[in-house]
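Number of protein chains: 2
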Amino acid sequence: MLANICPRFFSVVALLVPLTAVSLQADEPLPSWNHSAAKTAIIEFVEKVSDENSPDFVPAADRIATFDNDGTLWTEHPMYTQLAFALDRVKKLAPDHPEWRTNQPIQAVLKGDLAALAASGEKGLAEVIMTTHAGITTAEFESIVSEWFQTARHPRFQRPYTECVYLPMVELLEYLRAHGFKTYIVSGGGIEFMRPMTLDVYGIPREQVVGSSIETKFEYQDGEPVLMRLAKIDFIDDKTGKPVGINKFIGKRPIAAFGNSAGDREMLEWVGAGDGPSLKMLVFHDDAKREYAYGPANGLPDSKFGAFPQSLMDEAQEKGWSVISMKDDWARIFAFEK
Amino acid sequence: MLANICPRFFSVVALLVPLTAVSLQADEPLPSWNHSAAKTAIIEFVEKVSDENSPDFVPAADRIATFDNDGTLWTEHPMYTQLAFALDRVKKLAPDHPEWRTNQPIQAVLKGDLAALAASGEKGLAEVIMTTHAGITTAEFESIVSEWFQTARHPRFQRPYTECVYLPMVELLEYLRAHGFKTYIVSGGGIEFMRPMTLDVYGIPREQVVGSSIETKFEYQDGEPVLMRLAKIDFIDDKTGKPVGINKFIGKRPIAAFGNSAGDREMLEWVGAGDGPSLKMLVFHDDAKREYAYGPANGLPDSKFGAFPQSLMDEAQEKGWSVISMKDDWARIFAFEK
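Listed in order, the protein sequences are those of chains G and Z.
Just add 120 to the spot in the first sequence (first one is 1) and you have our numbering.
Just add 120 to the spot in the second sequence (first one is 1) and you have our numbering.
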């Protein structure tokens, strides 16, 4: 009715709405971030390194930013997403593997006894990963992973794992790229587990994913070349492995790095040791209500996945690394939040 | 004098000359290539995959081209450039290493006895590389390599090794990039030996170099993090290692691959096994006058560096890979040629 009475008014509103939205976005980068020291640190850093007239200007080719994945870009509780995938694989494959009846970590998985699995230590976990990730070609693994991402659901949020990503970090990735940065994942997770989803979810192409890997072997199947995945660790891209992986895959020292746990300490140190300005940030999980809260830094409970020890908090303070409080710094954590 | 008599004529000529040059370049890509089947194969392939209206169109993100380095982009005779570097290093370091007096491959180097060095086999060569490439930080190695590139001269051409690159291939790299391709090096050479020069020489940034590597270890020197190069092989990016390296570093199957020896066979097979169109090419060194001639394919002499066996020539013919004759297909080989 109103439109009939005053069509001109509605045309003007129709024009204004998108313009205002665009203008707000331009004035207000990182809309899911609260106005805080963390957000200010990001914007000040990005502006000074991308402004040709700034003494801190860095040419675009050297604007490399590296991001941990588990706990930095997506949720890592109640367990790493890749471990959830491995457990689902064990359950699916078990009927065809009677020999697993005497395999302790595998039995722990089948009985849902995560405490026994954890007690089997890194060796047990590695065995579960190898059992479920090897003995197939890279193409087969890719299609298994892609299918799992479409069907599996996070136990708490009841969403695909690829939706359990932090909206403020996705905005940060886009903001950095809009300022000429090349964004990389540098994760302890499996490189071939991540690659099927990083472009759609983070806008990061496959060649900009650095991760842990198992060895692959070139061979022929029916005369066609394939890469067979072997039950042998090739590279662990965690802790001291992160600078090693960065040097190997990228060959340049990043000027910005983002992590959330002790596994990211050496990556941030490596970035901080470069000449010129750099940005080092750690996501701190202190929001049990909207996501999870774990430390053991600042008195929060310890965690098997993505522990943030007090020594890391102390080093961050000493070296001027920014710590992002999920509770205080993020207005919104997930895109699916109301 | 003439200019005074007819200034208008000279202005017109001055205008015409650069216009003609530009127009020739636009009409005539790959100017150092003779008009031949090889050149036609390149142009037809590039046009069909980059034309949105072609049934063979490939999105730019998937237009990946991989290039071997030794013998494909730069000369590999009388020995691999990196071996020349290693021999120079041995000679320079020997006075400080009395323990080398009992080291057979090192002694062969010091006596200039390349036959004895060759007789020590791959193990001996690996020992020479390890001795000269490890025990220093990545930053130290980079500065040693960069300095060597500035001072060392190719024994025949008496030019820096970085000028002993094939002009037709540099044009090809540029032509591919002008059509949206991302160009990579995938070489058996050391990744950290190549990275200091690939951007200047080939327009290929450090993160697009895949190569062989030794292990590095993160440690602290005077409280500063460094990556120490260890005398331990990490990865050999040759033969079956090339598809493995491509999968690890790039995570996509290239649609074009260029090589020149048995070390590139599996890379070309891997590229050829993709869905959709692909271009596979081998440089054949059959021009002793302007560069070198070696096979043993087609009855040319065998070679310790970059051998091109008859079986590779047969496979190329059978599978429709293009073989580039340096003698017949390249009008000019080096930029420094008259």
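All C-beta atoms in this analysis are idealised placements derived from N, C-alpha and C, irrespective of residue type, glycine included.
It should be emphasised that the depicted structure is a prediction, and the values quoted were computed from it without experimental measurement.
Starting from residue i, trace the beta strand (DSSP E) both ways and give me its first and last residue.
{"i": "Leu399 (chain G)", "result": "Leu399 to Phe404"}
{"i": "Arg385 (chain Z)", "result": "Here Arg385 (chain Z) belongs to no beta strand (DSSP E); instead the alpha helix (DSSP H) covers Arg385 to Gly392."}
{"i": "Ala376 (chain G)", "result": "Ala376 to Gly379"}
How far does the alpha helix (DSSP H) with residue i in it extend, from its first residue to its last?
{"i": "Ile370 (chain Z)", "result": "Where Ile370 (chain Z) is concerned, there is no enclosing alpha helix (DSSP H), given that its DSSP letter is neither H nor E."}
{"i": "Glu312 (chain Z)", "result": "Ile311 to Tyr322"}
{"i": "Glu335 (chain Z)", "result": "Note, Glu335 (chain Z): premise wrong, no alpha helix (DSSP H); beta strand (DSSP E) at Val329 to Gln341."}
{"i": "Gly99 (chain Z)", "result": "The shown model of chain Z, from 121 to 458, leaves out residue 99 (chain Z), and the question about it has no answer."}
{"i": "Ala161 (chain Z)", "result": "Ala157 to Ser170"}
{"i": "Ala228 (chain Z)", "result": "Gln224 to Leu230"}
{"i": "Ala259 (chain G)", "result": "Thr258 to Thr271"}
{"i": "Asp208 (chain G)", "result": "Thr201 to Leu213"}
What residues are listed by DSSP as bridge partners for residue i?
{"i": "Tyr286 (chain G)", "result": "G:Phe454"}
{"i": "Val306 (chain Z)", "result": "Z:Val330"}
{"i": "Val346 (chain G)", "result": "G:Glu339"}
{"i": "Ile184 (chain Z)", "result": "Z:Lys302"}
{"i": "Ser442 (chain Z)", "result": "Z:Met401"}
{"i": "Ile63 (chain Z)", "result": "The question about residue 63 (chain Z) has no answer here: the residues shown for chain Z are numbered 121 through 458."}
{"i": "Pro416 (chain Z)", "result": "Z:Phe428"}
{"i": "Trp153 (chain G)", "result": "G:Trp450"}
{"i": "Trp220 (chain Z)", "result": "BP columns for Trp220 (chain Z) are empty, so no partner."}
{"i": "Asp190 (chain G)", "result": "G:Trp194"}
Determine, using beta carbons only, whether residue i and residue j come nearer to each other than 8 Å.
{"i": "Ala158 (chain Z)", "j": "Ser431 (chain Z)", "result": "no"}
{"i": "Pro206 (chain Z)", "j": "Leu230 (chain Z)", "result": "Checking the sequence shown, residue 206 (chain Z) turns out to be Ala, not Pro. In this structure, Leu230 (chain Z) does not lie closer than 8 Å to Ala206 (chain Z) by Cβ."}
{"i": "Thr192 (chain G)", "j": "Asn418 (chain G)", "result": "no"}
{"i": "Thr257 (chain G)", "j": "Val403 (chain G)", "result": "no"}
{"i": "Gly308 (chain G)", "j": "Asp358 (chain G)", "result": "yes"}
{"i": "Ile370 (chain G)", "j": "Gly394 (chain G)", "result": "no"}
{"i": "Cys284 (chain G)", "j": "Phe454 (chain G)", "result": "yes"}
{"i": "Ala286 (chain G)", "j": "Leu150 (chain G)", "result": "In the sequence as displayed, the identity of residue 286 (chain G) is Tyr instead of Ala. Cβ distance not < 8 Å, so Tyr286 (chain G) and Leu150 (chain G) don't count as in contact."}
{"i": "Gly310 (chain Z)", "j": "Gln202 (chain Z)", "result": "yes"}
{"i": "Trp450 (chain G)", "j": "Trp153 (chain G)", "result": "yes"}
{"i": "Ala204 (chain Z)", "j": "Ala272 (chain Z)", "result": "yes"}
{"i": "Leu186 (chain G)", "j": "Ala377 (chain G)", "result": "Residue 186 (chain G) is actually Thr in this sequence, not Leu. Closer than 8 Å, so yes."}
{"i": "Leu254 (chain G)", "j": "Ala351 (chain G)", "result": "The sequence shown places Ala at residue 254 (chain G), rather than the Leu named in the question. In contact: Ala254 (chain G) and Ala351 (chain G) (Cβ atoms closer than 8 Å)."}
{"i": "Arg410 (chain Z)", "j": "Trp390 (chain Z)", "result": "no"}
{"i": "Asp406 (chain G)", "j": "Lys439 (chain G)", "result": "no"}
{"i": "Ala312 (chain Z)", "j": "Phe261 (chain Z)", "result": "The question names Ala, yet the displayed sequence has Glu at residue 312 (chain Z). Contact: yes."}
{"i": "Ile184 (chain G)", "j": "Val210 (chain G)", "result": "no"}
{"i": "Asn189 (chain Z)", "j": "Met314 (chain Z)", "result": "yes"}
{"i": "Val354 (chain Z)", "j": "Glu335 (chain Z)", "result": "Reading the sequence as shown, one finds Asp at residue 354 (chain Z) and not Val. Contact: yes."}
{"i": "Ala180 (chain Z)", "j": "Pro325 (chain G)", "result": "no"}
{"i": "Phe425 (chain Z)", "j": "Arg279 (chain Z)", "result": "no"}
{"i": "His299 (chain Z)", "j": "Ser156 (chain Z)", "result": "no"}
Is there contact here, the region 192-200 of chain G with the region 327-337 of chain G, by at least three beta-carbon pairs under 8 Å? Contact fails: fewer than three Cβ-Cβ distances are below 8 Å.
Can at least three beta-carbon pairs, one atom from the region 153-172 of chain G and one from the region 389-404 of chain G, be found at a separation below 8 Å? Contact holds: three or more Cβ-Cβ distances are below 8 Å.
Could you tell me whether the region 290-303 of chain Z touches the region 293-305 of chain G, using the rule of 3 or more Cβ pairs below 8 Å? no
Between the region 348-366 of chain G and the region 267-274 of chain G, can you find at least three pairs of beta-carbon atoms closer than 8 Å? Counting Cβ pairs under 8 Å, fewer than three are found: no touch.
Answer yes if the region 290-300 of chain Z comes into contact with the region 279-297 of chain G, meaning at least three C-beta pairs across the two stretches below 8 Å, and no otherwise. no
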